[in-house]
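Participant: Before we start, here is the structure in question, set down as structure tokens.
Residue numbers (my numbering): 1226 to 1558.
So, in structure tokens, the structure goes:
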């Protein structure tokens, strides 16, 4: 199992770079960041410095979207980083939640997202693609490689992931829901004539190592609110008892009363009071190292290839070091 570190690009960028260097020293293979141009600093600028200050770490957004940048610009940016640092980027992509809504736009449609996945990958790898009716190619790309991993929860998004994406990003660490969603992605891949095992599975969730569970829950409760924001979209689309989405995912958002993006992804988010302890425990990894190892082994047995640690809390260095000292050695391949 591989391990990634997920951060927000809050200033100063030097701290983000320092934490990513620390992650690589501790055995992490991937460095991810949020991508929302209004809320945080521009991640692709920061990626250049992360790549320059690490040796093998792969970087990418968790996640970008096909609406805030034109597709040829996104592809060219990835291809430029790959040319400079040797194919060390991954494109995590989704419909766009905070990036689009904070700017007053609606998230992208799945149809647009599916088209963007293929176009961005083709252009970044040097192939010709069509953008807004115009055929184009990046003539300077040589031996480019850009895996595109899609974030998804709902049945149609999971099916699209299986049909078109190189990887699946699931932003929660509940084994029951992981099994359900991984199966949906792999089935869709098989139906599309792809090898189901060729789709990389990445589970991303907060991890907090320590014995004070009450404190850990409060530091990670924001995550249930972030997931709930996506789930609310699914409920509005499919209904809360449609059978299309597991009730284990939808039931807890009944007390939700809106969402404030100014606290998005941050400990102490006041929009997450509706999230019960049970959901925090199910969606996150909390407790001593043994508890993390036990849950990660269960996820690995379900086909998870990478666990990406959301490290937005008051114990960032401690978490990275604990994973490097005790948890990654117990699960690393």
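Ideal Cβ placement from N, Cα and C applies to all residues, glycine included.
Measure from the alpha carbon of residue 1335 to the alpha carbon of each residue in 1328, 1310, 1422, 1386, then state which is nearest.
Facilitator: Start at 1 with the first residue of the chain shown, and residue 1335 comes out as number 110. The shortest Cα separation from residue 1335 among 1328, 1310, 1422, 1386 belongs to 1386.
Participant: Assuming residue 1327 and residue 1261 make a contact with CB atoms under 8 Å, what is their CB distance in whole Å?
Facilitator: In the chain shown, residue 1327 corresponds to position 102, counting from 1. In the chain shown, residue 1261 corresponds to position 36, counting from 1. Right, their Cβ atoms sit about 6 Å apart.
Participant: Count the other CB atoms within 10 Å of the CB of residue 1350; is the residue buried (16 or more) or exposed (fewer)?
Facilitator: Here residue 1350 corresponds to residue number 125 of the chain shown, with the count starting at 1. Buried, since its Cβ has 16 or more Cβ neighbours within 10 Å.
Participant: Roughly how many whole angstroms lie between the Cα atoms of residue 1366 and residue 1300?
Facilitator: In the chain shown, the residue the question calls residue 1366 occupies position 141. In the chain shown, the residue the question calls residue 1300 occupies position 75. Computed Cα separation, rounded: 10 Å.
Participant: Quick check: the segment 1400 to 1407 against the segment 1429 to 1441, are there 3 or more CB pairs under 8 Å?
Facilitator: These segments do not touch.
Participant: What is the rounded straight-line gap between the Cα of residue 1442 and the Cα of residue 1538?
Facilitator: Here the question's residue 1442 lines up with position 217 in the chain shown. Here the question's residue 1538 lines up with position 313 in the chain shown. Distance between the alpha carbons of residue 1442 and residue 1538: 10 Å.
Participant: What is the residue span of the alpha helix (DSSP H) that residue 1274 lies within?
Facilitator: To locate residue 1274, count along the chain shown from 1; it is residue 49. First-last of the alpha helix (DSSP H) with residue 1274: 1268 to 1277.
Participant: With C-beta atoms as the reference, is residue 1276 less than 8 Å away from residue 1253?
Facilitator: Translated into the one-based positions of the chain shown, residue 1276 becomes position 51. Translated into the one-based positions of the chain shown, residue 1253 becomes position 28. Not in contact: residue 1276 and residue 1253 (Cβ atoms no closer than 8 Å).
Participant: Compute the distance between the beta-carbons of residue 1530 and residue 1394, then report whether it is under 8 Å.
Facilitator: Numbered from 1 along the chain shown, position 305 holds the residue referred to as residue 1530. Numbered from 1 along the chain shown, position 169 holds the residue referred to as residue 1394. Not in contact: residue 1530 and residue 1394 (Cβ atoms no closer than 8 Å).
Participant: By a C-beta neighbour count over all protein chains shown, 10 Å radius and 16 as the cutoff for buried, is residue 1550 buried or exposed?
Facilitator: Locating residue 1550 in the chain shown gives position 325, where the first residue counts as 1. Label assigned to residue 1550: exposed.
Participant: Please determine if the segment 1498 to 1516 and the segment 1407 to 1427 are in contact, where contact requires at least 3 C-beta pairs separated by less than 8 Å.
Facilitator: With the cut-off at 8 Å, the segment 1498 to 1516 and the segment 1407 to 1427 do not touch.
Participant: Let me know if residue 1280 comes out buried or exposed under the rule of 16 or more other beta-carbons within 10 Å of its beta-carbon.
Facilitator: Along the chain shown, one-based indexing puts residue 1280 at 55. It counts as exposed.
Participant: Per DSSP, residue 1361 is paired with what?
Facilitator: In the chain shown, residue 1361 corresponds to position 136, counting from 1. Residue 1361 is bridged to 1354.
Participant: For residue 1342, which option in 1308, 1410, 1320, 1504 has the closest C-alpha, if you only look at C-alpha atoms?
Facilitator: Here residue 1342 is taken as the residue at index 117 of the chain shown, counted from 1. Comparing Cα positions, the closest option is 1320.
Participant: Residues in its own chain within less than 7 Å of residue 1346 by CB, not counting five upstream and five downstream?
Facilitator: Position 121 of the chain shown holds residue 1346. Excluding residues within five positions, the ones whose Cβ falls inside 7 Å are 1371, 1373.
Participant: At the level of alpha carbons, what is the spacing between residue 1233 and residue 1556?
Facilitator: The sequence position of residue 1233 within the chain shown is 8, counting from 1. The sequence position of residue 1556 within the chain shown is 331, counting from 1. Taking the straight line joining both Cα atoms gives about 26 Å.
Participant: Kindly indicate which residue of 1293, 1315, 1536, 1312 has the alpha-carbon position closest to the one of residue 1331.
Facilitator: Position 106 of the chain shown, counted from the start, is the residue given in the question as residue 1331. Of 1293, 1315, 1536, 1312, the residue nearest in Cα terms is 1293.
Participant: Please specify which runs of the beta strand (DSSP E), each continuous and at least 3 residues long, are wholly inside the segment 1246 to 1315, giving them in chain order.
Facilitator: The qualifying runs are 1255 to 1258, 1283 to 1286.
Participant: Suppose the cutoff is 6 Å on Cβ atoms and the five residues either side in sequence are ignored; what does the same chain contact list for residue 1399 look like?
Facilitator: Counting from 1 along the chain shown, the entry for residue 1399 is found at position 174. For residue 1399, where only same-chain residues beyond five positions count, the Cβ hits under 6 Å are 1507, 1508.
Participant: Looking at the secondary structure, which residues open and close the alpha helix (DSSP H) in which residue 1342 lies?
Facilitator: Translated into the one-based positions of the chain shown, residue 1342 becomes position 117. Per DSSP, residue 1342 belongs to the alpha helix (DSSP H) from 1335 to 1349.
Participant: From the DSSP output, in three-state form, read off residue 1453 for me.
Facilitator: As a position in the chain shown, residue 1453 is number 228, starting the count at 1. Looking at residue 1453 - three-state DSSP - the assignment turns out to be helix.
Participant: With distances taken Cα to Cα, identify the nearest neighbour of residue 1475 among 1546, 1378, 1306.
Facilitator: Along the chain shown, read from residue 1 onward, the residue named residue 1475 stands at position 250. Residue 1378 is the option with its Cα nearest to residue 1475.
Participant: Does the separation of the CB atoms of residue 1417 and residue 1510 fall below 8 Å?
Facilitator: Along the chain shown, one-based indexing puts residue 1417 at 192. Along the chain shown, one-based indexing puts residue 1510 at 285. Contact: no.
Participant: On the premise that residue 1333 lies in contact with residue 1278, defined as a C-beta separation below 8 Å, what is that separation, rounded to the nearest angstrom?
Facilitator: Here residue 1278 refers to the residue found at position 53 of the chain shown. Here residue 1333 refers to the residue found at position 108 of the chain shown. Contact doesn't hold; Cβ gap of about 33 Å is too wide.
Participant: Can you tell which of 1368, 1369, 1410, 1390 has the C-alpha that lies nearest to the C-alpha of residue 1380?
Facilitator: The residue given as residue 1380 occupies position 155 in the chain shown. Cα-wise, what sits closest to residue 1380 is 1410.
Participant: Along the chain, where does the alpha helix (DSSP H) containing residue 1394 start, and where does it finish?
Facilitator: Counting from one through the chain shown, the residue named residue 1394 turns up at place 169. Premise fails: residue 1394 lies in the beta strand (DSSP E), 1392 to 1395, not in any alpha helix (DSSP H).
Participant: Taking C-alpha atoms, which residue in 1383, 1392, 1352, 1247 lies nearest to residue 1316?
Facilitator: Residue 1316 sits at position 91 when you count from the first residue of the chain shown. Residue 1316 has its Cα closest to that of 1392, out of 1383, 1392, 1352, 1247.
Participant: When the Cα of residue 1249 is compared with those of 1283, 1504, 1318, which residue comes out closest?
Facilitator: Within the chain shown, residue 1249 is the residue found at index 24, counting from 1. The shortest C-alpha separation from residue 1249 is found at 1283.
Participant: Looking at the structure shown, is residue 1319 part of a helix, part of a strand, or coil, going by DSSP?
Facilitator: In the chain shown, the residue the question calls residue 1319 occupies position 94. Correct three-state label for residue 1319: coil.
Participant: Please confirm whether residue 1532 and residue 1226 have their CB atoms less than 8 Å apart.
Facilitator: Counted from its first residue, the chain shown places residue 1532 at position 307. Counted from its first residue, the chain shown places residue 1226 at position 1. Contact flag set, yes.
Participant: On the DSSP bridge assignment, give the partners of residue 1534 in chain order.
Facilitator: Reading the chain shown from its first residue, position 309 is the one you call residue 1534. The partner list for residue 1534 (beta bridge, DSSP) reads 1230, 1430.
Participant: Relative to the alpha-carbon of residue 1389, which residue among 1287, 1339, 1364, 1396 has its alpha-carbon at the smallest distance?
Facilitator: Translated into the one-based positions of the chain shown, residue 1389 becomes position 164. Out of 1287, 1339, 1364, 1396, 1339 has the C-alpha closest to the C-alpha of residue 1389.
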